[in-house]
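Number of protein chains: 2
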Amino acid sequence: MAGVSTQENGDGDPRRAIELLWGVPAPPRRGPKPKLATADVVRAAVALADADGIDAVTIRRVAEHLGVSPMSLYTYVPGRAELLDLMIDHVHGELGPAGEELGWRAALTAIAEDQWALFHRHPWLLEVTTSRSALGPHSFAKYERELRAIDGIGLGDVEMDAVVALVTGLVRTTARSSLDNARLVRATGMTDAQWWERAWPVLAGIPAADAAHYPISSRVGQAAGEAHNAAENPAHTFRFGLARVLDGIEALISQRQQ
Amino acid sequence: MAGVSTQENGDGDPRRAIELLWGVPAPPRRGPKPKLATADVVRAAVALADADGIDAVTIRRVAEHLGVSPMSLYTYVPGRAELLDLMIDHVHGELGPAGEELGWRAALTAIAEDQWALFHRHPWLLEVTTSRSALGPHSFAKYERELRAIDGIGLGDVEMDAVVALVTGLVRTTARSSLDNARLVRATGMTDAQWWERAWPVLAGIPAADAAHYPISSRVGQAAGEAHNAAENPAHTFRFGLARVLDGIEALISQRQQ
DNA sequence: CTTTAACTCTGTACAGTGTACGAAGAAGAG
DNA sequence: CTCTTCTTCGTACACTGTACAGAGTTAAAG
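The listed protein sequences correspond, in order, to chains A and B.
Under the working numbering, the first residue of the first sequence is numbered 339, with each subsequent residue one higher.
Under the working numbering, the first residue of the second sequence is numbered 339, with each subsequent residue one higher.
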């Protein structure tokens, strides 16, 4: 089955969102003392998302966890979309610092491993799409660290951005596959193997689905399916892909140096 | 701002979903003639998603487009989640055939270009996550074609699956970035440059956001931002990444051959 | 033929969602 | 003190997926 869905929400004026992200101190306050701070709301939302997924982050449930009425949250956060932005930047703060003494390959590897771990700590990150206004201080630092890893090794600026996107994209897709598998096992109570055992009789009764029509898929799919369910293997797939990508980057660099 | 969100929906019994995907002919029917066929529903849903994004695909709106009451759709489709599965497999039917006479590099390139184009024709594909039960005939054929491109060149079965995931993942992430940019420009009426012009004064007033703290990002981010907005450049980023990935795969293959 | 069973279609209803609006009350500014 | 601003909250609206029950239609069974 399929799930959804990244919905629109660019309202254009980024001022308030940016101020929240960067924690601009509130101007002189006149009314009653606020019960909470924006950070409390963000922390509660992250805790909810960690535990029950991004769909558990509803205004009502976050408010309930904070012992506050739903509408009060709008005092601290302009809306749900901006809350998600704040959550993203918040957990980006868990990523490691620059660590500059390494070579580019070791540095990129450390970055990728860091993000791999982050996705597994906060799986909901994979269900949220970021866009330009989500650039808070921690996301900025993340980007800076990524670029620093490959600065001064002969790549152009646009190339550097592309290389960084390549590596972070790899982490994202392999982490997604790893966590999707785990999530499905949890949700359906079936491993891939068990699921296929139930699905197979149905497929077998369909002429067009005969294995003869898909000879390579049948062979490879089985091997890959078993590998995905082995506990340690998603990480191997990730590191395999990372090695390929780094090799490709290395080829570019040595070509540039000639 | 951020958007959401892949929600759960594994109900466990895949029989009906699989039958729909593979177009099993309905058993002898007794009641009144159906006004529609499942394919009509899928086509209408795809048209809606193409035009207005995946969030426009609500049961009510699809039904309205078909001149039918919302609840009748449940005659043709078990629920919204399965409808999304059917949509995915439907558009996977637009992908090209195997084309086997090419070398692995040319074949993988053709596959990647095909998928790049598909994502641009159906941007909603990027907002939907697939999972195991979405494997209809066209998705199966897609996987088979991908594997065929690299079959018999010395890779193990699990490696083949990982390589295929690497390439298709790259297409997905670069297409996402390309389309996110386009979507934001459409939604906010601002290009990245215009957006930054408005955002900059806000950021400039925040000590922590000083460019001095992010020297490389400031330089590279500007260059990359301009590149993203140039009409032809997202495709260049995609092809740049593809070249790196293919180089990485090539390194593996020649290492295997020694 | 009549009867029966299966099937399509539809209206209503429910539990959710984000959030606009307005009222009530608290606390610092003058 | 008054005035203004701010927080908090209850209510309400439009929207979602879909469970359920009933009405109407058709083909098969007797």
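We put the CB at the ideal spot given by N, CA and C, even for glycine.
Are the Cβ atoms of residue i and residue j separated by less than 8 Å?
{"i": "A/THR506", "j": "A/GLU482", "result": "no"}
{"i": "A/LEU473", "j": "A/GLU420", "result": "no"}
{"i": "B/ARG398", "j": "B/LEU386", "result": "no"}
{"i": "A/PHE478", "j": "B/SER592", "result": "no"}
{"i": "B/ASP518", "j": "A/THR511", "result": "no"}
{"i": "B/ALA513", "j": "B/PHE578", "result": "no"}
{"i": "B/ALA547", "j": "A/TRP538", "result": "no"}
{"i": "A/VAL379", "j": "A/LEU404", "result": "yes"}
{"i": "B/VAL395", "j": "B/ALA383", "result": "yes"}
{"i": "A/SER516", "j": "B/ALA503", "result": "no"}
{"i": "B/ALA355", "j": "B/ASP423", "result": "yes"}
{"i": "B/ARG353", "j": "A/VAL540", "result": "yes"}
{"i": "A/ASP388", "j": "A/HIS460", "result": "yes"}
{"i": "B/ALA444", "j": "A/ALA589", "result": "no"}
{"i": "A/ALA500", "j": "B/THR575", "result": "yes"}
With 16 other CB atoms within 10 Å as the buried threshold, where does residue i fall?
{"i": "A/SER314", "result": "An answer regarding residue 314 of chain A cannot be provided, because it is not within the stretch 339 to 596 covered by chain A."}
{"i": "A/THR344", "result": "Annotation note: pLDDT 45 at A/THR344 (below 50); position unreliable, coordinate value reported separately. Burial call: buried."}
{"i": "B/TYR412", "result": "exposed"}
{"i": "A/GLU465", "result": "buried"}
{"i": "A/ALA568", "result": "exposed"}
{"i": "B/LYS480", "result": "buried"}
{"i": "B/TRP462", "result": "buried"}
{"i": "A/GLY348", "result": "Unreliable placement is indicated for A/GLY348, whose pLDDT of 40 sits below 50; no coordinate value is reported for it."}
{"i": "B/PRO545", "result": "exposed"}
{"i": "A/GLU570", "result": "exposed"}
{"i": "B/ALA549", "result": "exposed"}
{"i": "B/ALA375", "result": "exposed"}
{"i": "A/ARG594", "result": "exposed"}
{"i": "B/GLY350", "result": "Residue confidence for B/GLY350 is low, a pLDDT of 43 falling below 50, so the modelled location carries little weight; the figure read from the coordinates is stated next. So B/GLY350 counts as exposed."}
From the DSSP output, in three-state form, read off residue i for me.
{"i": "B/THR396", "result": "coil"}
{"i": "B/THR467", "result": "strand"}
{"i": "A/ARG367", "result": "coil"}
{"i": "A/MET409", "result": "helix"}
{"i": "A/ILE491", "result": "coil"}
{"i": "B/ASP548", "result": "coil"}
{"i": "A/HIS403", "result": "helix"}
{"i": "B/ALA573", "result": "helix"}
{"i": "B/GLU439", "result": "coil"}
{"i": "B/VAL583", "result": "helix"}
{"i": "B/MET528", "result": "coil"}
{"i": "A/VAL379", "result": "helix"}
{"i": "A/HIS460", "result": "coil"}
{"i": "A/PRO372", "result": "coil"}
{"i": "B/GLU432", "result": "coil"}
{"i": "B/THR344", "result": "Low per-residue confidence applies at B/THR344: pLDDT is 44, beneath 50, and the placement is therefore not dependable enough to give any value."}
{"i": "B/GLN596", "result": "coil"}
{"i": "B/LEU473", "result": "coil"}
{"i": "A/ALA479", "result": "helix"}
{"i": "A/VAL362", "result": "coil"}
{"i": "A/GLY507", "result": "helix"}
{"i": "A/ALA589", "result": "helix"}
{"i": "B/GLY563", "result": "helix"}
{"i": "B/ALA568", "result": "coil"}
{"i": "A/PRO553", "result": "helix"}
So which residues of chain A does residue i contact, with C-beta pairs closer than 7 Å?
{"i": "B/GLU432", "result": "What B/GLU432 touches in chain A: nothing, since even the nearest Cβ is about 18 Å away."}
{"i": "B/LEU541", "result": "ILE356"}
{"i": "B/MET498", "result": "VAL558"}
{"i": "B/GLU482", "result": "TYR552, ILE554, SER555"}
{"i": "B/TRP360", "result": "ILE544, ALA546, ALA547"}
{"i": "B/ALA396", "result": "Checking the sequence, you will find Thr at residue 396 of chain B rather than Ala. Ordered by position in chain A, no residue passes the 7 Å Cβ test against B/THR396, which lies about 11 Å from the chain."}
For residue i, return the contacting residues in chain A, with the cut-off set at a CB-CB distance below 9 Å.
{"i": "B/ALA375", "result": "By Cβ distance, chain A contributes nothing, its closest Cβ being about 18 Å from B/ALA375, past 9 Å."}
For residue i, return the contacting residues in chain B, with the cut-off set at a CB-CB distance below 9 Å.
{"i": "A/ARG443", "result": "Within 9 Å Cβ-Cβ: nothing; A/ARG443 doesn't reach chain B, min ~13 Å."}
{"i": "A/ALA561", "result": "GLY494, ASP495, VAL496, MET498, ASP499"}
Please list the partners that residue i has in chain B, where partner means a Cβ-to-Cβ separation under 7 Å.
{"i": "A/ILE449", "result": "Those within 7 Å of A/ILE449 in chain B number zero; the least Cβ separation is about 14 Å."}
{"i": "A/PHE478", "result": "TYR552, SER555"}
Closer than 8 Å by beta-carbon distance: list the chain B residues that pair up with residue i, in chain order.
{"i": "A/ARG486", "result": "ILE554"}
{"i": "A/VAL583", "result": "LEU504, ARG582, VAL583, GLY586"}
{"i": "A/PRO475", "result": "ALA546, ALA547"}
Counting Cβ pairs closer than 8 Å, one from the region 435-451 of chain A and one from the region 403-419 of chain A, do we hit at least three? no
Between the region 488-495 of chain B and the region 485-492 of chain A, are three or more C-beta pairs nearer than 8 Å? no
Would you check if there are 3 or more beta carbon pairs closer than 8 Å linking the region 445-460 of chain B to the region 573-586 of chain B? yes
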